[in-house]
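One structure is given here, and the rest of the page talks about it.
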Amino acid sequence: MQQGKHVAIEVPAAMTLQGCWDLVNTAEEMQVNCMMLENVCYGEEELWVLNMVQKGVFGTLTYGEAGYIHNLREGLFKDEHYYNDWRIRYHLKQDGNLYPTHGLGPVAQYMGINRGDKFDHLVSMSSLQASLTEYSKTVESDNEFHNRTDFIHGDMNNTLVKTAKGRTILIQHDVVTPRPYSRINAIAGTKAYHEGYPSRLSIAGKGHEWLDESAMMEYQEKYRHPIWDKLKEGIAKNGGHGGMDFVQMYRLIDCLNNGWPLDMDVYDAAAWSCIVELSKISTELGSIPVKCPDFTRGAWEDNRHLGIFENI
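Numbering of the sequence shown is given in our numbering, commencing with residue 264 and proceeding in unit increments.
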């Protein structure tokens with residue numbers, strides 16, 4: 264960005280508050296785009312739910328759940344499975360939510376974070392740490408992390424965020440227990456509720472159970488996001504996490520080529536990524552409330568449209 268170039272950055276965009284502010288300040292100073300490549304925001308399920316939210320199916324939104332539940336325990340101990348073993352090293356030095364954006368990004372978009380609402384404050388707490396210590400006893404003795412007892416990151420972190428409009432979001436992080444993969448992807452409103460893994464929908468006035476398969480398909484057909492219809496051939500050919508990677512890269516390149524605003528901006532990158540350090544602070548200080556910075560400097564109150572609904 265300091266060279267005047269637009270930037271697309273991996274997730275999280277930063278691991279510290281200062282890093283988040285550096286991205287925001289530099290993007291503003293140089294007047295360039297900085298988009299975090301949160302591919303999950305382009306998933307078929309996530310865009311379908313987002314479209315229903317935009318069309319009023321959920322009524323007034325009140326509550327959401329997000330997460331990154333992914334059993335990575337074996338890979339954490341494999342030499343250079345992650346560059347410089349970065350992932351397991353964070354478990355040795357930091358508690359809190361280390362990887363919030365996959366689950367949080369879509370829920371933040373459902374709630375219009377930075378576009379009419381904002382994260383106000385959070386509290387965070389972690390369970391005891393046990394899984395990595397136990398697993399470390401089973402790896403080869405020449406492994407750097409063999410028989411370690413100094414992991415400090417709890418097996419499960421729960422972070423609860425309150426927004427300026429009074430909504431709440433529960434964010435979970437668990438990469439070391441046998442829980443099946445999930446990003447949770449839950450959103451509650453006065454008229455409907457959705458929960459992922461598997462995708463299920465409940466509609467007010469249609470009983471106390473999840474919609475049956477036939478009714479579910481009707482909602483999926485009616486509210487499928489138009490970008491998935493437009494790009495269905497490219498998605499089928501290129502795939503990438505079920506197609507979300509292809510849609511993300513298509514949108515990034517298409518917007519840049521045409522001079523359109525990107526679907527996500529540097530303020531989204533900072534707001535979603537700052538959860539890493541804020542959750543660390545809260546967890547270390549006994550789960551105290553911690554204020555969330557306003558990276559938009561007040562512009563969050565403007566009801567800006569999400570880019571994914573523009574110039575499709």
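All residues carry an ideal CB built from backbone N, CA and C; glycine is no exception. These figures come from a predicted structure and were not determined experimentally.
message = Excluding the 5 residues flanking Tyr486 on each side, which residues of the same chain have their C-beta closer than 8 Å to its C-beta?
response = Answer for Tyr486: Trp311, Asn314, Met315, Lys318, Val320, listed in chain order.
message = So for Asn420, helix, strand or coil by DSSP?
response = It is a strand residue.
message = Could you give the first and the last residue of the continuous beta strand (DSSP E) run that contains Met388?
response = 382 to 389
query = Out of curiosity, what's the CA-to-CA distance linking Leu339 and Gln357?
reply = Cα-Cα distance, rounded: 15 Å.
query = Do Tyr444 and Ile332 have their CB atoms nearer than 8 Å?
reply = yes
inquiry  = To the nearest angstrom, how far is the alpha carbon of Arg567 from that of Ser462?
reply    = 28 Å
query = Taking the alpha carbon of Asp531 as the point to measure from, which residue in Gly267, Ala277, Gln266 has its own alpha carbon closest?
reply = Ala277
key: Of the residues Gln281, Val274, Glu291, Pro275, the one placed nearest Gly267, counting alpha carbons only   = Glu291
task = With DSSP collapsed to three states, give me the class of Leu280.
result = helix
task = Alpha carbon to alpha carbon, how far is Cys283 from Pro275? Give it in angstroms, no decimals.
result = 10 Å
task = Using the Cα positions of Gly254 and Leu433, report the straight-line distance between them to the nearest angstrom.
result = Shown here, the chain extends from 264 to 575; a query on residue 254 therefore has no answer.
message = Can you tell me whether Ser394 is helix, strand or coil according to DSSP?
response = helix
request  = Going by DSSP, name the residue or residues bridged to Ala449.
outcome  = Glu328
query = Is the beta carbon of Gly506 less than 8 Å from the beta carbon of Glu308?
reply = The answer is no: Cβ separation not under 8 Å.
message = Are the CB atoms of Glu540 and Leu280 within a distance shorter than 8 Å?
response = yes
query = Roughly how many angstroms separate the alpha carbons of Gln511 and Asn406, rounded to a whole number?
reply = 37 Å
message = As a quick exercise: from Phe382, His471, Val402, pick the residue whose alpha carbon is nearest that of Trp563.
response = Phe382
query = Given Met438, which residues of its chain have a CB within under 6 Å of its CB, disregarding the five upstream and five downstream residues?
reply = Here the sequence assigns Val to residue 438, which means Met is not the residue at that position. So the qualifying residues of the chain are His333, Leu335.
Supposed close pair Ile415, Gln435 - CB separation, criterion 8 Å = With 8 Å as the limit, Ile415 and Gln435 do not qualify as a contact, their Cβ atoms being about 18 Å apart.
message = Within a Cβ cutoff of 7 Å, which residues of the same chain sit near Gly417, ignoring the five residues on either side of it in sequence?
response = Asp358, Ser389, Ser390, Leu391, Gln392
query = How long is the line joining the alpha carbons of Leu385 and Pro363, rounded to whole angstroms?
reply = Their Cα atoms are separated by approximately 13 Å.
ask   = What did DSSP end up calling Arg352 once you bin it into helix, strand or coil?
value = helix
Start and end residues, alpha helix (DSSP H) containing Met299 = No alpha helix (DSSP H) contains Met299, which is instead part of the beta strand (DSSP E) from 297 to 299.
message = Counting C-beta neighbours from all protein chains within 10 Å, is the total for Tyr373 16 or more, i.e. buried, or is it exposed?
response = buried
query = By DSSP, does His504 sit in helix, in strand, or in coil?
reply = helix
Continuous alpha helix (DSSP H) stretch holding Gln483: start and end = Its alpha helix (DSSP H) spans residues 476 to 486.
ask   = What did DSSP end up calling Glu458 once you bin it into helix, strand or coil?
value = Note: Glu458 maps to strand in three-state DSSP.
key: Boundaries (first-last residue) of the beta strand (DSSP E) holding Ala271   = 270 to 272
inquiry  = Using DSSP's beta-bridge definition, name the partner residues of Ser465.
reply    = Tyr456
query = Can you find a CB in chain D that lies within less than 8 Å of the CB of Ile551?
reply = In the displayed structure, chain D is absent; only one protein chain is listed.
message = If contacts are defined as beta-carbon pairs under 8 Å, then Ala534 and Asn377 qualify, I think. What distance do you get, rounded to the angstrom?
response = 6 Å
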